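Participant: Numbering (the working numbering), first residue to last: 201 to 392.
For every residue, glycine included, the Cβ atom is placed at its ideal position computed from N, Cα and C.
All values reported here derive from a predicted model rather than from experimental measurement.
Have a look at this one.
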Ligand code: PRP
């Protein structure tokens, strides 16, 4: 079901209410899975910031935040696929229950890289929460433990997700209008 926002006529894929309900469900699931434990939520900047903020407030078990940032080379053209860490964890995760929090699981390159990296730190447990999952785009074999919504290969913006750094603040998850994307795009659209 899709509607349009009143101010920009963007097509809404998931409304703020739908997102809120799903994030609350994931929070309850995490509460059950980690009852009596402590967890570290590691957000992947920048897209995951808003999901992490809401997810953390849906979780009752004791939790702390950390953030990493990565850069992907050849992301548009998929010529390289190399991922590089550009902001490391602030605090050690050895012996901790870690949940990597992502806005979107697309090719899997980013999360595969981070999972391998974090495993070297020997956390007590390591799971992945991704608000959106695009399995049709997968290059690396990786699944999230918690998924908000599974979507086809659509270019989505809002709720943390950008196009050329814009639209992250939209409360709903919207579809990027093809005409606008063409007008603003570099020669090749980014993956999302
Ligand atoms: C997006 C998203 C994930 C990654 C997923 O980040 O936030 O980190 O791409 O794609 P993958 O599964 O193909 O690796 P992006 O590089 O757009 O940066 P941003 O979070 O700052 O928007």
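Does the count of Cβ pairs from the stretch 231-247 and the stretch 209-218 closer than 8 Å reach three?
Facilitator: no
Participant: Quick one: is residue 297 buried, meaning 16 or more other Cβ sit within 10 Å of its Cβ, or exposed?
Facilitator: If you number the chain shown from 1, residue 297 lands on position 97. Result: buried.
Participant: Below 8 Å, can you find three or more Cβ-Cβ pairs linking the stretch 353-365 to the stretch 323-330?
Facilitator: no
Participant: Under a three-way DSSP split, which group does residue 350 fall into?
Facilitator: Working through the chain shown from its first residue, we reach residue 350 at position 150. Three-state DSSP puts residue 350 in a strand.
Participant: Grab me the residues of residue 224's own chain with a C-beta within less than 7 Å of its C-beta, minus the 5 sequence neighbours each way, in chain order.
Facilitator: In the chain shown, residue 224 corresponds to position 24, counting from 1. Only 258 meet the Cβ criterion.
Participant: Could you tell me how far apart the beta carbons of residue 299 and residue 219 are, in whole angstroms, since I believe they sit closer than 8 Å?
Facilitator: Translated into positions along the chain shown, residue 299 becomes position 99. Translated into positions along the chain shown, residue 219 becomes position 19. In fact, because the Cβ distance is near 18 Å, the residues do not count as touching under 8 Å.
Participant: Could you tell me which of 232, 295, 374 sits nearest to residue 324, measuring between CA atoms?
Facilitator: Against the chain shown, residue 324 aligns to sequence position 124. Closest option to residue 324, Cα to Cα, is 295.
Participant: Who are the Cβ neighbours of residue 304 in its own chain at under 8 Å, not counting the five residues just before and after it?
Facilitator: Taking the chain shown and counting its residues from 1, the one referred to as residue 304 is at position 104. Excluding sequence neighbours, residue 304 sits near 247, 330, 331, 332, 333, 334, 356, 361, 392.
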